[in-house]
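Enquirer: In this note's numbering, the protein residues as written are 82 to 411.
1) How long is the line joining the alpha carbons of residue 248 and residue 373, rounded to whole angstroms?
2) Assuming contact is defined by CB atoms lying nearer than 9 Å, are residue 136 and residue 106 in contact in what I supplied?
3) With a CB to CB cut of under 7 Å and the five nearest residues on each side skipped, what residues in its chain are close to residue 183?
4) If residue 365 sits next to residue 292, beta carbons under 8 Å apart, how far is it from one beta carbon to the other, in whole angstroms?
5) Leaving out five residues before and five after residue 258 in sequence, what residues of the same chain have Cβ atoms less than 8 Å from its Cβ?
6) From residue 98 to residue 264, what distance separates their C-alpha atoms?
7) Out of 153, 165, 89 and 308, point me to the one whose CA is closest to residue 116's CA.
8) Using CA atoms only, rank isn't needed, just tell me which of 321, 91, 279 and 221 is closest to residue 108.
9) Any heavy atom of the ligand FAD inside 8 Å of the beta-carbon of residue 350?
10) Does DSSP classify residue 329 as helix, strand or coil?
11) Along the chain, where does the alpha helix (DSSP H) that runs through residue 303 open and close?
12) Taking one C-beta from the segment 354–365 and one from the segment 210–220 each time, how about it: are there three or more such pairs within less than 8 Å?
13) Any contact of the segment 161–175 with the segment 190–209, i.e. 3+ C-beta pairs under 8 Å?
14) By DSSP, does residue 159 sit in helix, in strand, or in coil?
15) Determine the DSSP secondary structure at residue 167, reduced to helix, strand or coil.
16) Under 9 Å between the Cβ atoms of residue 158 and residue 394?
17) Can you tell me where the alpha helix (DSSP H) with residue 96 in it begins and where it stops?
18) Can you say whether residue 286 is buried or exposed, counting buried as having 16 or more other CB atoms within 10 angstroms of its CB?
19) My guess is that residue 360 and residue 269 are in contact by the Cβ rule of under 8 Å, so how many angstroms apart are they, rounded?
20) Out of curiosity, what's the CA-to-CA distance linking residue 281 and residue 189?
21) Where do the ends of the alpha helix (DSSP H) carrying residue 225 lie?
22) So, at 8 Å on beta carbons, what are the nonlocal neighbours of residue 377 in its own chain, with the 5 sequence-adjacent residues on each side left out?
23) Would you tell me roughly how many angstroms separate the C-alpha atoms of residue 226 and residue 346, rounded to the nearest one?
24) For the structure I just gave you, are there three or more beta carbon pairs, one from the segment 238–245 and one from the segment 289–304, closer than 8 Å?
Structural data, given as structure tokens:
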């Protein structure tokens, strides 16, 4: 029986996944070189093993289709001799954040896949990342690095929204932020702090003036969003996650290529746009939803600059195109 061809959504997912997974290998291998805490080392080694397994499976899918394998990232994009740029704690916190991104990406990939081998693959990826996330939470807790979102009192009974002012009454005395809103703000702040710290670290070691200017733009963007969302929690007497800049060392030797650092920065913005979109839909207080929508617009502008710079540097691989019927007809 002839195997079904991969659909456009399946090709785009495995193509993007391969490039991002090869980036993850470069970063994790570099982090492992300097980690001294055995438990964190073992955790990252487990994550690296999963990345290799995923790359092997993706490569097999490409070969089945006789599809060209993307270049992605390789040993050329990582300097294993570079001194430590991040502390052990940062490596664990970073990996925890990346598992959250992974679970979202694999869930989406699963939902748009049809062919059985692709569905099975993303089912395994979902389980792998879920296991990795649980290990990260357990280890963060053991190391006293786990920050929990704000806690709320348990309500005595179900309560219904009295009127539309619950959504629109944002002037004067505003209603309290509900649990959905607090949770979205807190987790988006956590991701923003990890992204900002990564931008600061990349700028510290970058020697490309164009990349440095772009990273300045990234840092300013995150500073703006962190200030806006953190102030909302502060006004409610709720705590924010802590920043992570102190987990960056004073090394000025680049462990990664300029291409990898720029690509990873763009990835952070692509992920942020998705998470802010979810927050804008879930939050019921209009001013919070509007703030999330403004953050999306800000991020889209930065993401546009990222794409332009990647193209100018000839660092971006072209995604697979649809067949050009006019050419085929000739």
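Where is the CB? At the ideal position from N, CA and C, for every residue including glycine. Because the structure is a prediction, the values reported are computed rather than measured.
Expert: Straight from the coordinates:
1) Here residue 248 is taken as the residue at index 167 of the chain shown, counted from 1. Here residue 373 is taken as the residue at index 292 of the chain shown, counted from 1. In a straight line, the C-alpha of residue 248 is about 15 Å away from that of residue 373.
2) Start at 1 with the first residue of the chain shown, and residue 136 comes out as number 55. Start at 1 with the first residue of the chain shown, and residue 106 comes out as number 25. Result yes, Cβ atoms of residue 136 and residue 106 sit closer than 9 Å.
3) As a first step, residue 183 is located in the chain shown; it is residue number 102 there, counting from the start. Here the set comprises 210.
4) On the chain shown, position 284 is the one that residue 365 refers to. On the chain shown, position 211 is the one that residue 292 refers to. That belief does not hold up - the Cβ atoms of residue 365 and residue 292 are roughly 40 Å apart, past 8 Å.
5) Position 177 of the chain shown holds residue 258. 266, 313, 314, 317, 319, 366 and 369, listed in sequence order.
6) As a first step, residue 98 must be located in the chain shown, where it is residue number 17. As a first step, residue 264 must be located in the chain shown, where it is residue number 183. Near 28 Å, if we compare the C-alpha coordinates of residue 264 and residue 98.
7) Position 35 of the chain shown, counted from the start, is the residue given in the question as residue 116. Ranking the options by Cα distance to residue 116, first place goes to 165.
8) Translated into positions along the chain shown, residue 108 becomes position 27. The residue with the shortest Cα to Cα distance from residue 108 is 279.
9) Judged by which ligands are present, the structure shown has none, so any question about the ligand FAD falls away.
10) The residue you call residue 329 lines up with position 248 of the chain shown. Correct three-state label for residue 329: strand.
11) Against the chain shown, residue 303 aligns to sequence position 222. 290–316 is the span of the alpha helix (DSSP H), which, as asked, contains residue 303.
12) no
13) no
14) In the chain shown, residue 159 corresponds to position 78, counting from 1. Residue 159 falls in the strand class under three-state DSSP.
15) In the chain shown, the residue the question calls residue 167 occupies position 86. Of the three classes helix, strand and coil, the one that applies to residue 167 here is strand, per DSSP.
16) In the chain shown, the residue the question calls residue 158 occupies position 77. In the chain shown, the residue the question calls residue 394 occupies position 313. Contact: no.
17) Within the chain shown, numbered from 1, the residue matching residue 96 stands at position 15. 89–115 is the extent of the alpha helix (DSSP H) around residue 96.
18) Your numbering for residue 286 matches position 205 in the chain shown. By the neighbour-count rule (16 or more Cβ atoms within 10 Å), residue 286 is buried.
19) For the purposes of this step, residue 360 is taken as residue 279 along the chain shown, with counting starting at 1. For the purposes of this step, residue 269 is taken as residue 188 along the chain shown, with counting starting at 1. Confirmed, Cβ separation roughly 6 Å.
20) Here residue 281 corresponds to residue number 200 of the chain shown, with the count starting at 1. Here residue 189 corresponds to residue number 108 of the chain shown, with the count starting at 1. Rounded to whole angstroms, residue 281 to residue 189 spans 30 Å at the Cα level.
21) Mapped onto the chain shown, residue 225 falls at position 144. Taken as a continuous stretch (DSSP letters only), residue 225 belongs to no alpha helix (DSSP H), as it is neither H nor E.
22) Position 296 of the chain shown, counted from the first residue, corresponds to residue 377. Cβ within range, chain order: 354, 357, 358 and 361.
23) If you number the chain shown from 1, residue 226 lands on position 145. If you number the chain shown from 1, residue 346 lands on position 265. Distance between the alpha carbons of residue 226 and residue 346: 24 Å.
24) no
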